[in-house]
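Reviewing the structure listed below.
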Amino acid sequence: MKTILIKPHHFMDIIKLYGTGIHNFVPDEKMGHDFYKVANMIIHNPDVPLRLTIHGDDICKPCKKYNNICTDALHHIPGFTSKDIYNQTLDTRIISLYSLSKETYTAKELCDILLETNQNIYEVWKEEDTQVTK
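Written out as structure tokens, the structure is:
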């Protein structure tokens, strides 16, 4: 079974969207990333190994805005203009807040950890509107 390289915030995005009722993710043809492919693999096989990273992952690498780093800009989060820096901040924060000390987890294991300390979600996206964490 292939190990998926994934940023912690991407995993949380997948779980959040799945929780809203999306059970089949579709390609984003505009950006060309593999969010849909990774999300579907995780949803259909929650025991797939997930290796955490704060750098480019299997979702980012085919994106039109990825060139060894995310080149997308941010305009809506005070103090951040680089999406790459913001995402690294989020992922480092998630690893710390949820005490993710192992390099590899299954989706089931990560869900259990996130559920145990679910109040931390408000600290993860603290720069953004609270709508993001609902």
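One point on numbering: in the working numbering, the residue at position 55 of the sequence shown is 55, and numbering is uninterrupted.
Ideal Cβ positions, reconstructed from N, Cα and C, are used throughout, including at glycine.
Bear in mind that the values here come from a model prediction, so they are computed numbers and not experimental data.
| In the structure shown, what three-state DSSP assignment does P49 receive? | Taking the sequence shown and counting its residues from 1, one reaches residue 49 at position 49. It is a strand residue.
G79 versus I85 - alpha carbon distance: In the sequence shown, counting from the first residue as 1, residue 79 sits at position 79. In the sequence shown, counting from the first residue as 1, residue 85 sits at position 85. Roughly 10 Å separates the two Cα atoms.
Check: Three or more C-beta pairs closer than 8 Å, one from the stretch 94-111 and one from the stretch 41-60: is that the case here?
Finding: yes
request  = Identify which residue in K30, I22, T89, E128 has its Cα closest to the Cα of H44.
outcome  = Here residue 44 corresponds to residue number 44 of the sequence shown, with the count starting at 1. The option with the nearest alpha carbon to H44 is I22.
| In chain order, each alpha helix (DSSP H) run of at least 4 residues that lies wholly inside the stretch 73-133 | 83-97, 107-116, 121-124
I'd like the span of the alpha helix (DSSP H) that includes I43, first residue to last. Numbered from 1 along the sequence shown, position 43 holds the residue referred to as residue 43. Per DSSP, I43 belongs to the alpha helix (DSSP H) from 35-44.
- Query: Can you give the Cα-Cα distance for K16 and D91, rounded to whole angstroms?
  - Reply: Counting from 1 along the sequence shown, the entry for residue 16 is found at position 16. Counting from 1 along the sequence shown, the entry for residue 91 is found at position 91. Approximately 16 Å, taken between the alpha carbons.
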